[in-house]
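**Student:**
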Amino acid sequence: PAYPGGFNLADAVVLPWLRHEGIGHIDRLILSHGDQDHAGAASALVRAISVEQTLSGEPGRVAVAARHCDSGMSWHWDGVEFRFIQPREPRPRHGNNASCVLLVTAASGKLLLTGDAETPIETALIPRLQTEAPIDVVVAGHHGSATSSSPAFVQTVRARHVIYANGYRNRYGFPRPEVDRRWAAAGARRWRTDGCGRIQVLFQRTPRRVRLATEVDSRSPFWWPSDVPCDGGQAALWR
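Heads up, the sequence shown is in this note's numbering, so the first residue is -13 and it goes up one at a time.
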């Protein structure tokens, strides 16, 4: 996101992390759609770091040069397949339901990112996802809003882990309690960025498995209590 006063999460969070990791170039930047909380900091990011290509579900609404994330478009890096699987439509979609839907497939597991796609898009995806399930990690649609993570979708993907990308004490109450209960009942371990900080999905080759690493795990051993859980509904301790 970016705000009128100039604060943006590219300068505050993303760029410092990229520098810490020694990353000076982005091969492919994906902005799911044009909403400010998904694309607002894009211009600050591309001013500060080299970006080879930007893709978006709403290229006309983002502040940087971008092309459309066409359904069926795919590429491979290091034996990992990246494929856009959102439903094809004869007319352009707008807003949340224009989101790129990205399926990442490695030998050790699968990751699904649906942006802010809502129940109608999830429903259209079910036939495809029935052939892909189980999905190891799902980033919950629309930050854990009740507009997404429909019962049929949750049951279809059979996720081992679900990530809620949401802000601390956000005014919308994301993730919604009924959504969290739904994922929990399906057997998914739940992780939230307001409790865990950065969450990385690691596809390991030996042994073949998917592992999640969080900012909580990587910090120096100084602990203080948080009123927001990191995962599994347990009280979190930051360190």
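Idealized CB from N, CA, C, for every residue including glycine.
All figures in this text were calculated on a predicted structure; none of them were measured in a lab.
Throw me the rounded Cβ distance for the L17 and T40 pair, which I believe falls under 8 Å.
**Tutor:** Yes, they are in contact, since the Cβ atoms of L17 and T40 sit about 7 Å apart, within 8 Å.
**Student:** Judging by CA-CA distance, which residue of H11, V143, D64 and T117 is the nearest neighbour of T100?
**Tutor:** Comparing Cα-Cα distances from T100 to each of H11, V143, D64 and T117, the minimum goes to V143.
**Student:** Can you tell me whether I149 is buried or exposed, with buried defined as 16 or more other CB within 10 angstroms of its CB?
**Tutor:** With 16 or more other Cβ atoms within 10 Å, it is buried.
**Student:** Report the option in G26, G8 and H6 whose CA atom is closest to the CA atom of N(-6).
**Tutor:** The shortest Cα separation from N(-6) among G26, G8 and H6 belongs to G26.
**Student:** Let me check understanding here. Comparing Cα to Cα, which of R175, A172 and H129 lies closest to R157?
**Tutor:** Among R175, A172 and H129, the Cα nearest to that of R157 belongs to H129.
**Student:** For A145, count the other beta carbons within 10 Å of its own beta carbon; 16 or more makes it buried, fewer makes it exposed. Which is it?
**Tutor:** It is buried - the Cβ of A145 has at least 16 other Cβ atoms within 10 Å.
**Student:** Do L89 and E118 have their C-beta atoms within less than 8 Å of each other?
**Tutor:** Yes, these two residues count as a Cβ contact at 8 Å.
**Student:** Between the beta-carbon of L198 and the beta-carbon of Q186, is there less than 8 Å?
**Tutor:** Contact: yes.
**Student:** Can you name the start and end residues of the alpha helix (DSSP H) that D56 belongs to?
**Tutor:** Per DSSP, D56 belongs to no alpha helix (DSSP H) and is neither H nor E.
**Student:** Of the residues E164, A92 and E201, which one's Cα is nearest the Cα of P193?
**Tutor:** Residue A92 is the option with its Cα nearest to P193.
**Student:** Whose CA, out of S57, G(-9), V66 and W61, lies closest to the CA of R79?
**Tutor:** Among S57, G(-9), V66 and W61, the Cα nearest to that of R79 belongs to S57.
**Student:** For S36, does the three-state DSSP call read helix, strand or coil?
**Tutor:** Strand.
**Student:** P106 to S131, Cα distance in whole Å?
**Tutor:** The alpha-carbon atoms of P106 and S131 are separated by roughly 14 Å.
**Student:** Output the boundary residues of the beta strand (DSSP E) element that contains F68.
**Tutor:** Note, F68: beta strand (DSSP E), V66 to F70.
**Student:** Going by C-alpha to C-alpha distance, which of V32, V125 and A151 sits closest to D(-3)?
**Tutor:** Per the Cα distances, V32.
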